[in-house]
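Protein chains in written order, with full-length UniProt numbering: chain A, 1 to 356; chain B, 1 to 356; chain C, 1 to 356.
Each residue gets a CB set at the ideal place from its N, CA and C atoms; glycine is no exception.
Worksheet: the structure to be examined is printed underneath.
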Amino acid sequence: MRALRNTWYVAAWQDEIGPDTLLARTILNEDVLMFRDGSGRAAAIGNRCPHRFAPLHLGRHVGNAVQCGYHGLEFGTNGLCSRNPHDSGSNPPKASVPTYQLAERFGAIWIWMGDEPADEKRIPDEFAFLADDKRAHIQGYIHVNANYLLTVDNLMDLSHALYLHAGVLTNAEQRDNFVPQARLVGDVVACEREQPGIAPPGQWVEALPPEVTKVDFYSHVYWHAPSAVIHPFGCRVPENPDAGASAMSAHFFTPETETTTHYFYHNTRDYQVDSAETNAKISELLERVFTTQDVPMIEAQQQVIGNVDLMSLHPVVLQTDRATVLMRRVLNKLITKEQSASATANQPVAAGSDSQ
Amino acid sequence: MRALRNTWYVAAWQDEIGPDTLLARTILNEDVLMFRDGSGRAAAIGNRCPHRFAPLHLGRHVGNAVQCGYHGLEFGTNGLCSRNPHDSGSNPPKASVPTYQLAERFGAIWIWMGDEPADEKRIPDEFAFLADDKRAHIQGYIHVNANYLLTVDNLMDLSHALYLHAGVLTNAEQRDNFVPQARLVGDVVACEREQPGIAPPGQWVEALPPEVTKVDFYSHVYWHAPSAVIHPFGCRVPENPDAGASAMSAHFFTPETETTTHYFYHNTRDYQVDSAETNAKISELLERVFTTQDVPMIEAQQQVIGNVDLMSLHPVVLQTDRATVLMRRVLNKLITKEQSASATANQPVAAGSDSQ
Amino acid sequence: MRALRNTWYVAAWQDEIGPDTLLARTILNEDVLMFRDGSGRAAAIGNRCPHRFAPLHLGRHVGNAVQCGYHGLEFGTNGLCSRNPHDSGSNPPKASVPTYQLAERFGAIWIWMGDEPADEKRIPDEFAFLADDKRAHIQGYIHVNANYLLTVDNLMDLSHALYLHAGVLTNAEQRDNFVPQARLVGDVVACEREQPGIAPPGQWVEALPPEVTKVDFYSHVYWHAPSAVIHPFGCRVPENPDAGASAMSAHFFTPETETTTHYFYHNTRDYQVDSAETNAKISELLERVFTTQDVPMIEAQQQVIGNVDLMSLHPVVLQTDRATVLMRRVLNKLITKEQSASATANQPVAAGSDSQ
Ligand code: FES
Ligand code: FES
Ligand code: FES
Chain A
1 MRALRNTWYV AAWQDEIGPD TLLARTILNE DVLMFRDGSG RAAAIGNRCP
51 HRFAPLHLGR HVGNAVQCGY HGLEFGTNGL CSRNPHDSGS NPPKASVPTY
101 QLAERFGAIW IWMGDEPADE KRIPDEFAFL ADDKRAHIQG YIHVNANYLL
151 TVDNLMDLSH ALYLHAGVLT NAEQRDNFVP QARLVGDVVA CEREQPGIAP
201 PGQWVEALPP EVTKVDFYSH VYWHAPSAVI HPFGCRVPEN PDAGASAMSA
251 HFFTPETETT THYFYHNTRD YQVDSAETNA KISELLERVF TTQDVPMIEA
301 QQQVIGNVDL MSLHPVVLQT DRATVLMRRV LNKLITKEQS ASATANQPVA
351 AGSDSQ
Chain B
1 MRALRNTWYV AAWQDEIGPD TLLARTILNE DVLMFRDGSG RAAAIGNRCP
51 HRFAPLHLGR HVGNAVQCGY HGLEFGTNGL CSRNPHDSGS NPPKASVPTY
101 QLAERFGAIW IWMGDEPADE KRIPDEFAFL ADDKRAHIQG YIHVNANYLL
151 TVDNLMDLSH ALYLHAGVLT NAEQRDNFVP QARLVGDVVA CEREQPGIAP
201 PGQWVEALPP EVTKVDFYSH VYWHAPSAVI HPFGCRVPEN PDAGASAMSA
251 HFFTPETETT THYFYHNTRD YQVDSAETNA KISELLERVF TTQDVPMIEA
301 QQQVIGNVDL MSLHPVVLQT DRATVLMRRV LNKLITKEQS ASATANQPVA
351 AGSDSQ
Chain C
1 MRALRNTWYV AAWQDEIGPD TLLARTILNE DVLMFRDGSG RAAAIGNRCP
51 HRFAPLHLGR HVGNAVQCGY HGLEFGTNGL CSRNPHDSGS NPPKASVPTY
101 QLAERFGAIW IWMGDEPADE KRIPDEFAFL ADDKRAHIQG YIHVNANYLL
151 TVDNLMDLSH ALYLHAGVLT NAEQRDNFVP QARLVGDVVA CEREQPGIAP
201 PGQWVEALPP EVTKVDFYSH VYWHAPSAVI HPFGCRVPEN PDAGASAMSA
251 HFFTPETETT THYFYHNTRD YQVDSAETNA KISELLERVF TTQDVPMIEA
301 QQQVIGNVDL MSLHPVVLQT DRATVLMRRV LNKLITKEQS ASATANQPVA
351 AGSDSQ
């Protein structure tokens with residue numbers, strides 16, 4: 001599939017992988033197995049045993065290695081066979097599996113699918129708020145039967161909230177003064193909207209003091225290549241700055257296959273930070289909205305589009321699509337650049353001839 | 001798929017579409033959305049929003065239009081975008097969906113999938129009995145995983161009733177004197193059988209006075225292109241004409257895809273017309289026979305045949321197949337004629353050259 | 001699919017087919033119907049009615065024949081239409097279905113899928129123990145979504161029992177002194193292991209007198225082309241030969257399609273022969289082990305491998321694979337021989353020309 005490879009994708013939440021977990025996930029069509037070595041450090045190797053191709057996640061976690069559940073070969077975090085219980089203990093030379101570079105940062109496990117050396121510094125610091133302990137945190141994972149760009153589109157065109165989430169996340173008043181501003185900041189696509197002087201919508205009614213009836217509402221999205229979105233939104237109360245409340249969420253869309261996506265979401269807030277009740281409410285709200293509104297719509301879209309690129313079907317482009325258009329433009333540029341660099345690197349050298 | 005297009009297919013029963021219903025149905029591989037405008041008139045448009053291809057039936061019915069459930073574009077019965085809530089109210093020029101001509105007649109909604117102008121007069125008057133209030137009426141819809149011609153075959157070769165429906169719709173005596181007569185009446189294929197002097201079979205035992213033990217049974221089918229069948233059947237009692245009873249049913253098979261079919265059935269009778277109990281019994285009987293006998297058999301046939309034309313497999317032809325052979329012959333003639341007319345219409349004119 | 005055809009495959013257990021049973025099973029991609037004639041003799045014919053391709057197993061067993069459930073044509077064990085209830089009783093000349101040669105032996109029904117004359121003597125006498133009434137018997141059938149060679153591999157490399165069935169069929173001690181000996185005996189592949197002086201593993205704890213704490217354990221497998229395995233295993237007690245106990249099982253893997261398999265297993269034992277309780281325990285144990293351990297692993301393997309030959313993926317070969325390597329070598333030789341014989345038989349004779 002056409003996708004950026006020398007980049008970081010979120011492969012799991014850190015807490016999905018305990019000391020003995022074998023977590024299998026297909027990423028960019030490759031079967032990956034994640035687990036922790038004895039020191040607790042996460043590693044990722046190919047999930048196919050080179051002996052008879054049993055998926056390794058059906059095996060056992062043993063010390064620093066994974067033991068294949070079929071005939072017991074063991075593979076370490078370096079992908080090499082660390083133990084062959086048969087053959088008088090000799091390890092067959094070709095018994096190895098691919099390895100993938102991981103980084104554990106901000107509560108997530110990031111994976112690098114490309115051939116270039118992974119660079120942890122390329123995980124944007126903007127995601128540090130995922131680990132900010134002054135905020136309340138909720139996170140989750142959803143499997144989506146749709147291409148990952150359709151899931152990014154969903155978030156980068158927040159006009160959908162006015163229709164798909166009407167009455168749940170938005171109120172009718174918001175439909176009238178929606179003015180999104182999309183622009184490019186380096187390779188980041190920003191799309192900001194401000195709605196001053198409206199009644200608090202959706203979850204904000206309960207987030208604010210009861211006497212607050214008018215707020216300056218804001219809702220911004222920032223796309224970071226290849227498919228991560230930061231979404232700050234909330235209410236400012238100009239006459240009483242302390243009465244405002246903010247949320248900030250991160251959304252990571254990792255391609256599983258051409259038409260399926262791993263969706264990792266993480267929501268934070270600066271109000272009612274210690275309230276288990278608010279946690280439960282927001283958690284239920286997000287899960288309900290994602291699984292009963294966004295995901296069914298995106299999956300229906302995918303069914304209609306089929307396994308072709310959205311753009312090849314010549315969609316009508318509205319002004320509200322500006323952010324998604326910019327996003328695809330930047331991503332295409334990055335993928336094309338990566339692929340031409342890769343082609344150059346792999347190009348055979350013309351030997352002994354300068355007429356070429 | 002190879003099928004007649006400039007013709008009427010039943011797309012729905014009229015009562016399937018209420019004032020706010022958005023009814024999506026795929027017909028001849030095209031995704032169609034049916035709904036009623038503010039005046040109650042049914043309309044059909046393409047079901048794919050031209051913005052981002054969300055299926056429109058996931059949206060809302062608003063006044064005379066359908067509002068896309070994803071970002072709120074609205075489309076009227078003429079297929080044009082009637083409202084764009086974004087872009088300062090300007091309607092994008094290319095934002096339209098296809099439209100289909102409908103007719104509401106005899107309790108059914110008929111759709112015309114071709115490019116020629118639809119002609120309501122081509123809905124055969126023979127179907128007027130569907131709206132005859134002197135008869136009792138039962139109707140239903142079944143989705144069938146088989147090509148529509150296999151479902152037509154089922155009805156045009158009623159010898160199947162003697163085996164597939166043995167003991168339920170037919171009795172053993174009927175097997176012995178089955179003499180179907182198939183013939184062509186214009187483009188209508190008629191297949192009639194008469195079984196004089198037999199015991200009343202199946203449902204007719206309860207339909208007739210208990211003293212009637214011998215009847216002249218008749219069972220006729222009339223195919224109207226492309227895929228509608230009228231089926232009068234019943235019992236005459238020669239010695240007491242008033243003691244007889246008749247049923248008349250209509251069966252409409254509308255291609256969804258090459259291998260799936262919308263099956264609309266409508267059963268009427270002239271006896272026990274006001275009996276809710278008889279209604280319930282006949283209704284249960286039909287549903288049971290169709291869903292546990294006919295449909296499983298036809299779907300099993302489709303599985304065996306696969307996605308090829310039945311005739312390409314060189315089936316053995318029996319005398320009882322005469323009606324289905326005539327039916328395919330007429331239908332092929334009509335499709336070939338339609339396609340050559342269409343090819344002529346689309347043929348480029350050879351400019352400035354008489355040597356062609 | 002590439003498979004041996006002029007050979008015997010098990011198609012059913014004899015007791016699966018009662019006097020009125022119509023048993024449909026796809027074998028080597030061909031739809032086969034098995035039933036018994038009036039004298040109780042099993043026969044196999046093609047399962048597709050030549051009239052309209054209804055599967056015949058949806059019909060009825062009538063005397064010596066099968067009556068199609070759709071329109072009533074009848075077919076005898078010779079594949080010819082024995083009755084046409086329509087067409088004034090005349091039988092259409094082309095109304096026939098293929099036939100397959102069967103043999104009933106050792107409690108199984110064997111089928112011959114090739115064109116050469118079937119030879120019952122080629123059913124190996126080694127399977128006579130299936131009918132040995134001095135032993136206790138348990139048998140079963142499982143459908144497996146994997147190529148039949150993967151299921152043969154499973155059994156021919158019993159090292160898997162040490163990992164996949166650890167703690168259930170094997171004990172930890174066995175892992176240390178596993179020494180399989182694979183060799184070819186004619187076209188039979190034998191793989192034998194002997195583990196002297198170990199604690200009785202798995203089911204053998206309950207099979208032996210409580211005072212027996214050390215046994216000479218043995219576990220052998222013998223593959224007979226194309227896909228049958230005999231598996232004697234058990235415990236010898238050198239100091240008290242009468243205290244030993246033995247099991248002997250047969251496993252038949254019949255290709256349904258390229259990626260699905262009919263698995264017939266039959267387990268016998270020489271201890272607690274009349275114990276219904278032991279029968280129930282062993283039966284539960286086998287079903288649990290096969291359906292929750294072997295089959296899921298083999299099906300997962302198939303998913304990873306996809307619809308290609310295992311060997312084309314260049315698996316790492318261990319010493320424990322020697323039996324499976326020999327098995328594939330013999331099978332390939334037999335298939336190649338069969339196919340070249342068939343090509344020779346079908347080769348057109350070059351007429352009147354010696355310059356070719
Ligand atoms: S398949 Fe993994 S050890 Fe055999
Ligand atoms: S997909 Fe319909 S309005 Fe966007
Ligand atoms: S399909 Fe078998 S008799 Fe018609």
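Close Cβ partners of residue i (< 8 Å) along its chain, the five nearest in sequence each way excluded
i: Gln-302 of chain B; result: Asn-145, Ala-146, Asn-147, Leu-150 and Thr-259
i: Pro-19 of chain B; result: Arg-36, Gly-40 and His-61
i: Pro-226 of chain A; result: Ala-3, Leu-4, Thr-7, Tyr-9, Leu-331 and Leu-334
i: Leu-286 of chain A; result: Ile-138, Gly-140, Tyr-265 and Asn-267
i: Glu-126 of chain C; result: Tyr-222, His-224 and Ile-230
i: Ser-96 of chain C; result: Pro-50, Phe-75, Gly-79, Leu-80 and Cys-81
i: Asn-171 of chain C; result: Ile-198, Ala-199, Pro-201 and Gly-202
Residue i burial status per 10 Å Cβ neighbour count (16 or more: buried)
i: Asp-115 of chain B; result: exposed
i: Leu-23 of chain B; result: buried
i: Asn-307 of chain B; result: exposed
i: Met-311 of chain A; result: exposed
i: Asn-47 of chain B; result: buried
i: Val-330 of chain B; result: buried
i: Leu-155 of chain B; result: buried
i: Asp-274 of chain A; result: exposed
i: Ser-88 of chain A; result: exposed
i: Ala-12 of chain B; result: buried
i: Gly-234 of chain C; result: buried
i: Asp-119 of chain B; result: exposed
i: Arg-25 of chain C; result: buried
Distance between beta carbons of residue j and residue i, contact taken as under 8 Å
i: Gln-293 of chain A; j: Leu-164 of chain A; result: 5 Å
i: Ala-280 of chain C; j: Asn-267 of chain C; result: That belief does not hold up - the Cβ atoms of Ala-280 of chain C and Asn-267 of chain C are roughly 13 Å apart, past 8 Å.
i: Ala-228 of chain B; j: Ala-250 of chain B; result: 7 Å
i: Ala-199 of chain C; j: Cys-191 of chain C; result: Not quite, the Cβ-Cβ distance comes to about 23 Å (not below 8 Å), so this is no contact.
i: Leu-58 of chain B; j: Ala-44 of chain B; result: Leu-58 of chain B to Ala-44 of chain B, Cβ: 17 Å. No contact.
i: Phe-217 of chain B; j: Leu-313 of chain A; result: Not quite, the Cβ-Cβ distance comes to about 56 Å (not below 8 Å), so this is no contact.
Cβ shell of residue i (< 6 Å), same chain only, five flanking positions each side left out
i: Ser-353 of chain A; result: At Ser-353 of chain A, the pLDDT of 43 sits below 50, so the modelled position is not reliable and the matter cannot be decided from this model.
i: Thr-257 of chain C; result: Asn-29
i: His-220 of chain A; result: Glu-192 and Pro-232
i: Lys-94 of chain C; result: none
i: Lys-214 of chain C; result: Gly-197
Interface partners of residue i on chain C, CB under 7 Å
i: Ala-54 of chain A; result: Met-297, Ala-300 and Gln-301
i: Arg-175 of chain B; result: Pro-85
i: Leu-162 of chain B; result: Gly-72
Partners in chain A for residue i, counting only beta-carbon separations shorter than 8 Å
i: Pro-315 of chain C; result: Pro-50, His-51, Arg-52 and Phe-53
i: Ile-305 of chain C; result: Phe-53
Proximal residues to residue i (C-beta, below 7 Å), its chain only, five neighbours per side dropped
i: Thr-320 of chain C; result: Asp-157, Ser-159 and Pro-180
i: Val-295 of chain B; result: Ile-142 and Val-144
Within chain A, the residues that residue i reaches when beta carbons sit closer than 7 Å
i: Asp-87 of chain B; result: Leu-318 and Gln-319
i: Ala-44 of chain B; result: Here the premise fails: no neighbours, minimum Cβ distance about 17 Å.
Contacts of residue i in chain B (Cβ-Cβ under 9 Å)
i: Asp-115 of chain A; result: The contacting residues do not exist; Asp-115 of chain A stays about 34 Å from chain B at best.
Residue i: contacting residues in chain B (beta-carbon distance under 7 Å)
i: Ser-159 of chain A; result: His-71 and His-86
i: Leu-28 of chain C; result: Those do not exist, as Leu-28 of chain C stays about 17 Å from chain B at its closest Cβ, beyond 7 Å.
| field | Against chain C: residues of the stretch 194-223 of chain A by CB proximity under 7 Å | value | Cβ contacts with chain C come from no residue of the stretch 194-223 of chain A.
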